[in-house]
Structures are given as structure tokens and as C-alpha cells.
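Student: Residue numbers (the working numbering): 242 to 505. Quick reminder that beta carbons are idealized off the backbone N, C-alpha and C, glycines included.
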Amino acid sequence: MKAGLLGMLNSPPCATSVPLRHVRARVTCSSSSGHISFIKDVAATQPPENLQHLLKMLQTRGETIVSPGSRHGLIPLAIPLSENMSGSMTALLRWPTAPPGMEMPVVEVRKHGVWLLANNVDQYIHRILVEEDADESHGSNGELFHASSEAGKKLYTRGDFAESKISNLDGYLLKKVGLFPDLLERKVMRHFEEGDQVSALVTGEFYTKKDLFPGFGRPFVFNAEVLLKAHIRGKRFCKGGFEITMVDFRLHISGCCQYCTVGG
């Protein structure tokens, strides 16, 4: 999900909001201790409690752990964790002016944007464990659960997905783990496929609630597309469109202008 930059654009400089690309990295090792030190000393914030377990899980599933100082080509607020085979980077996002109590989101940095994976490290670990447990067709042997160590045992009990009798994995994740952008978007599209336009519109509107994924513009873009798909055009979502142009100005300014000028 493409990360919003409104906080950085509208906030005065302060000691904890200096873009990370302007800080010379003092940590170059790729161990969990290196990431933790970087977050404390360079990003000037509290490291997620279970970050070391997430790093081990990412490595176990075949991703290459990346030094937090390897920041070439990344947006200023991303702290790299690992790189997958496709070249995308799993990272933490250090908001310059995060709301009180907000943890660092886990994101995927792609060539053309930043996509939200989870609102925090524990939520992402929890989802990975559930997906592994549900992956019976590939003969899951619990490697990721083992790699998660005590964090995994606290977050998820193996076998709970099967015992829940919830046949749909997305449904289990939304009910038991938390809200994820890709799951909500799939839910909307399933409603359309089933001919339930009302539920699709309600879910699309719910997706844009500001307290669900604060700072991210993707929900507003997707909801605008949902309204167009439902042939609902008008100015009631133009304000959201303008916010998107500020948040994701490089990729969505033309699209939002198109959405806001179509129809009455």
C-alpha cells in the first residue's frame, strides 16, 4: 500500500522526524540486534517487542535479511528488514509524527509504491502463522511456527484454524487476527461477484475509516474505484480524492482528478 506523506509534508522539523536518508547509518550488520539498535539510535523510537522473531521467520521462508543501513532507493521513512525473490522489500515504516500509541506498520516496498502488510509486527506474525497452519495442501511442517519461538506460542495455537470450523481463510483472519487491506479489498470484490452491490459499497466505505489504516491513501483510491464500478459518480468523494493526490501525488493525481470530474 502506498504510504501517506501528509504528516511529513505538513509537520515542522523536529529531532525525531528527520528523514532517515539524511542520517548516516551507524549500524550495518543484518542481525536482529543491528535492526534494534538502528531503530533505537537512528530512528529514535522503540523497537517492536517481537522484531527478532519476525526477522527469523522472514529468513526461514526464504527472504534475505537486509541491513537497516542498506537504504539505497528506499523512501525516507522505511527501515528495511528483508528482500524477497521478486526484489520487493519487507520493511517497517517510521512515521515522523505518529499518533500516540501507534506502532510501526509492516510494509512491502515495491518498485512503484509502498503497500501496507500489517499495522504492527505482532499482527503480521499472527497472520503468517495462521496461513502456514492452513496450508495443508503443501504439507506445512510448522517451520515458521518454530521460528517464531515464544512469540508464536503467545499469538497463535496451532490447529486453531481447523478447530474454528471457519472454512474461509480470509474470514478467519478478519475475525481472529485483524483487518488487512488486501483482505478487505478481496471481500469487496467477492460481494460484487455474488451480485451484492450494497454489501460491496458498505465494505468499501468501511475500508476508508481513518482509524483503520491511518496515513495510507490506498483505501480512498480503492473506494473511488468501487463507486465507479457501482456507477455511483459525484462530488461526495472528491474531498477524499484530493487527499489522495496529496498522499500519493506521484501515482494517483491524474486518476483522482478523473474520478472527481466524472458525472454530476
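1) Secondary structure at arginine 351, three-state DSSP: helix, strand or coil?
2) Alpha carbons only, please: which of Pro455, Met430, Leu396 is nearest the one belonging to leucine 334?
3) Any contact between the stretch 350 to 367 and the stretch 290 to 301? By contact I mean 3 or more CB pairs, one from each, below 8 Å.
4) Would you decide whether glycine 412 is buried or exposed? Buried here means 16 or more other CB atoms lie within 10 Å of its CB.
5) Any idea what DSSP makes of aspartate 489, helix, strand or coil?
6) Around the C-beta of alanine 403, are 16 or more other C-beta atoms found within 10 angstroms, so that it is buried, or is it exposed?
7) Could you check where the beta strand (DSSP E) with glutamate 466 kicks off and where it finishes?
8) Apart from the five residues on each side of it in sequence, which residues of its chain come closer than 8 Å, Cβ to Cβ, to leucine 424?
9) What three-state label does DSSP hand threonine 398 in the structure shown?
10) Classify asparagine 382 as buried or exposed, calling it buried when 16 or more other Cβ atoms lie within 10 Å of its own Cβ.
11) Spell out the partners DSSP gives alanine 359 in its beta bridges.
12) Just the C-alpha distance for leucine 442 and valine 429, rounded to the nearest angstrom, thanks.
13) Hey, could you find the ends of the beta strand (DSSP E) isoleucine 320 is sitting in?
14) Give the secondary structure of lysine 305 by DSSP, where H, G and I count as helix, E and B as strand, and everything else as coil.
15) Identify which residue in Trp356, Met298, Leu420, Ile277 has its Cα closest to the Cα of isoleucine 369.
16) To the nearest angstrom, how far is the alpha carbon of glutamate 317 from that of leucine 468?
17) What whole-angstrom Cβ distance do leucine 322 and isoleucine 366 have, given they're in contact under 8 Å?
18) Counting only the same chain and skipping the five closest in sequence on each side, list residues whose C-beta sits under 8 Å from that of valine 348.
19) Quick one: give me the first and last residue of the beta strand (DSSP E) that threonine 331 is part of.
20) Pull up the CB-CB distance for proline 422 and arginine 459, whole angstroms please, since I reckon it's below 8 Å.
21) Taking 6 Å as the limit between beta carbons, can you name the residues of its chain near histidine 353, skipping five residues before and five after?
Tutor: A quick look at the data gives this:
1) The residue you call residue 351 lines up with position 110 of the sequence shown. Looking at arginine 351 - three-state DSSP - the assignment turns out to be strand.
2) Taking the sequence shown and counting its residues from 1, the one referred to as residue 334 is at position 93. Relative to the Cα of leucine 334, the nearest Cα in the group Pro455, Met430, Leu396 belongs to Pro455.
3) These segments touch.
4) Against the sequence shown, residue 412 aligns to sequence position 171. Exposed.
5) For the purposes of this step, residue 489 is taken as the residue at position 248 of the sequence shown. Residue confidence is low: aspartate 489 scores 37 on pLDDT, short of 50, so the model does not pin down where it sits. Its coordinate-derived value is still stated next. In the structure shown, aspartate 489 sits in coil (DSSP, three-state: anything other than H, G, I, E or B).
6) Taking the sequence shown and counting its residues from 1, one reaches residue 403 at position 162. When all chains shown are included, alanine 403 counts as exposed.
7) For the purposes of this step, residue 466 is identified with residue 225 of the sequence shown, where counting begins at 1. Here glutamate 466 belongs to no beta strand (DSSP E); instead the alpha helix (DSSP H) covers 459 to 470.
8) To locate residue 424, count along the sequence shown from 1; it is residue 183. Asp411, Leu414, Leu415.
9) Counting from 1 along the sequence shown, the entry for residue 398 is found at position 157. If DSSP states are grouped into helix, strand and coil, threonine 398 belongs with coil.
10) Within the sequence shown, the letter at position 141 stands for residue 382. Asparagine 382 is exposed by the Cβ-count criterion.
11) As a working note, residue 359 is residue 118 in the sequence shown. Val347.
12) Sequence index remark: in the sequence shown, residue 442 carries index 201 (1-based). Sequence index remark: in the sequence shown, residue 429 carries index 188 (1-based). Cα to Cα, leucine 442 sits roughly 8 Å from valine 429.
13) Here residue 320 refers to the residue found at position 79 of the sequence shown. If you look at isoleucine 320, you'll find it in the beta strand (DSSP E) that goes 319 to 324.
14) Residue 305 sits at position 64 when you count from the first residue of the sequence shown. One point to set straight first is that residue 305 is threonine, not lysine, in the sequence displayed. Threonine 305: strand per DSSP, three-state reduction.
15) If you number the sequence shown from 1, residue 369 lands on position 128. Comparing Cα positions, the closest option is Met298.
16) In the sequence shown, counting from the first residue as 1, residue 317 sits at position 76. In the sequence shown, counting from the first residue as 1, residue 468 sits at position 227. Sequence inspection shows proline at residue 317; the glutamate mentioned does not correspond to that position. Rounded to whole angstroms, proline 317 to leucine 468 spans 33 Å at the Cα level.
17) Your numbering for residue 322 matches position 81 in the sequence shown. Your numbering for residue 366 matches position 125 in the sequence shown. Actually they do not touch by this definition, with Cβ atoms about 12 Å apart.
18) On the sequence shown, residue 348 is found 107 positions in, with the first residue counted as 1. Closer than 8 Å at Cβ, skipping near neighbours: Met242, Ala244, Ala319, Thr331, Ala332, Leu333, Leu334, Val355, Trp356, Leu357, Leu358.
19) Walking along the sequence shown from the start, residue 331 turns up at place 90. Its beta strand (DSSP E) spans residues 330 to 334.
20) One-based indexing of the sequence shown puts residue 422 at position 181. One-based indexing of the sequence shown puts residue 459 at position 218. Yes, they are in contact, since the Cβ atoms of proline 422 and arginine 459 sit about 6 Å apart, within 8 Å.
21) Looking up residue 353 in the sequence shown gives position 112. Excluding sequence neighbours, histidine 353 sits near nothing in its chain.
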